[in-house]
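Before any comments, here is the structure.
Residue numbers (UniProt numbering): 1 to 593.
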């Protein structure tokens, strides 16, 4: 079994296990079938016979009871019912007897005796039923006499035969049941034994299969774990012609190939580390399949390093030559930068002076702008006050006009009063001595009216003078307001002009500041250039020395030539792809593997 394929091992083991279980299942099915047949026979014959024999006795008891009741009941309807029940019960007995004759396999002699005896009393039963149906005292008495003396003894004798038959049916049924139970128990034991045997065989075969598969798998697993941990000194002892044996052979071959490849890579990288770029592989036949890319990468690394070192050597020569030129140019640049720094410092001083003047002008312009703004505000305030005065004078003129109207009214009143006083004086003169006192009063009233007229004339003259003065003041105030408005407009124009001058001065100051900042930056750059030029001169000398050191270091490597004696290509190496020619490591691209 050791050299069988795993599939065949599994097939054989499972085939045996399945066969064992099939045998157990078939045996169980057959046994269950036999038990089923046995129980079916018991149910069809013995059990059914017991039930039907019991039913015969029940129906017979019913018939006896109904006949007895029919002979004692005086109600004709009840009598008819009892007679019908008797006939139905006896018909059921006949049906059950017919079943026994057709289906029962046991001894029917006792049942036949019972049937014969019942047939013998049939006419007697019919006679008793006929007498009971007459339902008279005499007929009932005769029926009871026949029932007691003849019918019941014969029926009881038949019942004894039926009871003996039922006992024989019970004995036969119990025997069939016991037989079925024994068969069932025997088949159960056989099924258990077969199942246990199948399980034991399955366990034995499983253990054999486990012993045949698990140990080599564990050995291979342990070996693969060692390989995963980096230990290639793995010894697999399992050998067989099955899949596990082939797997062990493959693992051993893989380990040998990995050892050869790793040792070869160690040799190649050691030689490359020692500066030998003309090294060749010693196990080219091991680089097969995906391992080919490893050798390709090593070749690419070697060629790229070889080409790079050659270019470094050439670059070192060029750097050495260029560093001398850089040193000379740096010294000239340093001298020119020093002269530029001096000129820039003088220019910066001049710009700083101009910047100071522009800033002073800007400050003066801002101060003038502030003063002009104040003058504009004051002129505006004066103009506003003048407008208020004009408004007040207009109000005065209007009020004077109203006062004139009032004075006119007063004059009219004084005139009317004077007329009334004259009329009163005339009337007083007419009255004589009686109107003398009234004449005095009228005279005083006339005097007051005259004084009122004089006062109103004087007031009117004063108001007219005031109106003329107000008109003249209004005209002068309007002229003054116009002059103030012109002053405000002029001050505003001056303010705008001064603001423009101030902004222009600020812009000039900002521009000069930017120029100053630019000059400072130029000065800083010039100084930096001067220092950088000096550093470049020193660095170029250092670079020349480093280039010589680099040439000495590259000279320590054994570079691969291009076959013509030249030390490598003059241009950059082309990229190495998967189809790189690996003949340089002793690998032929046409080799079969």
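From the three backbone atoms N, C-alpha and C, an ideal C-beta is built for every residue, glycine too.
Host alpha helix (DSSP H) of residue i (start-end)
i	result
residue 258	243-273
residue 108	It is not in any alpha helix (DSSP H) - residue 108 carries neither H nor E in the DSSP assignment.
residue 160	152-228
residue 434	Looking at the DSSP string, residue 434 is not in any alpha helix (DSSP H), and its letter there is neither H nor E.
residue 122	122-134
residue 594	Given a span of 1 to 593 for the chain in the structure shown, any question on residue 594 remains unanswerable.
residue 288	Looking at the DSSP string, residue 288 is not in any alpha helix (DSSP H), and its letter there is neither H nor E.
residue 55	48-72
residue 140	137-146
Contact set for residue i: own chain, Cβ-Cβ below 7 angstroms, skip 5 residues either direction
i	result
residue 69	82
residue 16	201, 205
residue 442	421, 424, 425, 428
residue 155	64, 121
residue 404	460, 463
residue 128	67, 71, 143, 146, 147, 151
residue 165	53, 110, 111, 114
residue 475	none
residue 487	379
Exposed unless 16 or more other CB atoms sit within 10 angstroms - verdict on residue i
i	result
residue 114	buried
residue 383	buried
residue 302	buried
residue 433	exposed
residue 415	exposed
residue 279	buried
residue 264	buried
residue 159	buried
residue 511	exposed
residue 222	exposed
residue 283	buried
residue 394	exposed
residue 306	buried
residue 61	exposed
residue 207	exposed
residue 482	exposed
residue 620	Here the chain has residues from 1 to 593 only, and residue 620 is not among them.
residue 594	Since the first and last residues shown for the chain are 1 and 593, residue 594 lies out of range.
residue 140	buried
residue 484	buried
8 angstroms Cβ shell around residue i - same chain, five flanking residues per side excluded
i	result
residue 262	232
residue 168	106, 107, 110
residue 609	It is not possible to answer for residue 609, since the shown part of the chain is limited to 1 through 593.
residue 491	372, 375, 376, 379
residue 513	355
residue 52	96, 99, 100
residue 217	244
residue 446	417, 418, 421, 422, 425
Cβ pair residue i, residue j closer than 7 angstroms
i	j	result
residue 111	residue 100	yes
residue 400	residue 466	yes
residue 409	residue 449	no
residue 87	residue 124	no
residue 152	residue 79	no
residue 502	residue 397	no
residue 509	residue 359	yes
residue 174	residue 71	no
residue 349	residue 519	no
residue 460	residue 407	yes
residue 286	residue 260	yes
residue 268	residue 298	yes
residue 362	residue 471	no
residue 50	residue 178	no
residue 351	residue 497	no
residue 93	residue 56	yes
residue 547	residue 316	yes
residue 341	residue 527	yes
residue 21	residue 212	no
residue 214	residue 234	no
residue 229	residue 28	no
Close beta carbons around residue i, own chain, < 6 angstroms, minus the five adjacent residues each side
i	result
residue 494	372
residue 564	Here the model assigns residue 564 a pLDDT of 45, short of 50, so the residue's position is not dependable and the matter cannot be decided.
residue 132	70, 71, 79, 143
residue 239	245
Residue i at chain D interface by Cβ criterion, 7 angstroms
i	result
residue 432	The chain labelled as chain D is not found in the depicted structure, where only one protein chain is given.
Exercise for the section: Give, in chain order, every unbroken run of the alpha helix (DSSP H) that is at least 4 residues long and sits entirely within the stretch 385-417. Expected result: none
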